[in-house]
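Undergrad: Counting with numbering that gives the first Met the number 0, you get residues 0 to 242 for the letters of the sequence shown. We put the CB at the ideal spot given by N, CA and C, even for glycine.
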Amino acid sequence: MATLCVNIDHIATLRQARREEEPDPLEAARLVEKAGAIGITVHLREDRRHIQDRDVVGLRRQVKTKLNLEMAATDAMVKFALRVKPDQVTLVPEKRQELTTEGGLSLKAAPHRFQKAIDLLQSKGIPVSLFIDPSPQVIQLSARLGASFIEIHTGGYSRAFRLKGDVKKELLAVASGARLARSLGLRVHAGHGLTYRNVMPIGGLPEIEDLNIGHNIIARASMVGLEKAVREMTALLRKAGRK
Ligand code: PXP
Numbered sequence: 000m001a002t003l004c005v006n007i008d009h010i011a012t013l014r015q016a017r018r019e020e021e022p023d024p025l026e027a028a029r030l031v032e033k034a035g036a037i038g039i040t041v042h043l044r045e046d047r048r049h050i051q052d053r054d055v056v057g058l059r060r061q062v063k064t065k066l067n068l069e070m071a072a073t074d075a076m077v078k079f080a081l082r083v084k085p086d087q088v089t090l091v092p093e094k095r096q097e098l099t100t101e102g103g104l105s106l107k108a109a110p111h112r113f114q115k116a117i118d119l120l121q122s123k124g125i126p127v128s129l130f131i132d133p134s135p136q137v138i139q140l141s142a143r144l145g146a147s148f149i150e151i152h153t154g155g156y157s158r159a160f161r162l163k164g165d166v167k168k169e170l171l172a173v174a175s176g177a178r179l180a181r182s183l184g185l186r187v188h189a190g191h192g193l194t195y196r197n198v199m200p201i202g203g204l205p206e207i208e209d210l211n212i213g214h215n216i217i218a219r220a221s222m223v224g225l226e227k228a229v230r231e232m233t234a235l236l237r238k239a240g241r242k
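And the structure:
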């Protein structure tokens, strides 16, 4: 059974919209762990649009399950990760203009850069996962680079699901990628664009250990929590009116 790591970036997105203290990613992480997730995932982007350095430092102190830090393979980020020591680093591609991570890593474009980051982090006991598309060539290169894990990008699958495309073909690509990775000794995670509606077939693939899911869980949390939040405020106003 695949287990769940929750990406809490969008708790910080909401906080950064006002540069206030709330909502607090550390409080969110506590609730996520209490609810049974096996890990907390955050992406420290170079533009710091949501998660901040201090969040990662605070999470490192607090998280009792597993802290998975997503980051670009830059010298500055590797230095930061070596200092903070998350339980795992996931290397992801990063473009300033994108709304969210688009596509997997282009390992072939700069294999030495990835090799250096993987070697440095893993020599200090921080396992590295590479966020990649389910292409056999990229999976083989990930194994040659010596990463402990890959995270298969499920964006193609979720897009096909949403747009009523060829879901079967995309699912098969994820499933055969996961099988190939396992046969090469890689451990396998997956994520991106997964929702309450499309998660079941991916969650049932036996080779996949963790699923990283963010946006859809935070979106649902804002809906299932809204009624309670409004009731709490109206109760306060009733109490204020009685004084
Ligand atoms: N995995 C990786 C590597 C990501 O970059 C993201 C998005 O930050 C996710 C998983 C989660 O994607 P989503 O927010 O669409 O669930």
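Going straight from the alpha carbon of V55 to that of V83, what length do you get?
TA: Between V55 and V83, the C-alpha separation is close to 8 Å.
Undergrad: So who's on the other strand from E32, going by DSSP bridges?
TA: DSSP, once it has assigned bridges, lists no residue as partnering E32.
Undergrad: Short of 8 Å in beta carbon distance, which residues of its chain neighbour R60, apart from the five on each side in sequence? Order them along the chain.
TA: Closer than 8 Å at the Cβ level, and outside the excluded window around R60, lies no residue.
Undergrad: Taking the DSSP output, what are the residues bridged to D209?
TA: D209 is bridged to T2 and H188.
Undergrad: Compare the beta carbon distance of T64 and A36 with 8 Å and say whether it is the shorter of the two.
TA: The answer is yes: Cβ separation under 8 Å.
Undergrad: I'd like the list of long-range same chain contacts for G202, defined as Cβ closer than 8 Å, with 5 residues on each side in sequence excluded.
TA: Hits under 8 Å: M0, A1 and L210.
Undergrad: Could you pull out every residue in the same chain whose Cβ sits closer than 7 Å to the Cβ of K123, ignoring the five residues on either side in sequence?
TA: Within the same chain, K123 has close Cβ partners L81.
Undergrad: Using 10 angstroms around the beta-carbon of Y195, count the other beta-carbons present and answer buried if the total reaches 16, otherwise exposed.
TA: Result: exposed.
Undergrad: Return the bridge partner residues of S122 from the DSSP annotation.
TA: Looking at the DSSP assignment, S122 forms no beta bridge with any residue, so it has no partner.
Undergrad: For A189, I'd like the list of residues in its chain whose CB is within less than 7 Å of its CB, leaving aside the five on either flank, ordered along the chain.
TA: Contacts found: E150, I151, T153, V173, I201, I207 and L210.
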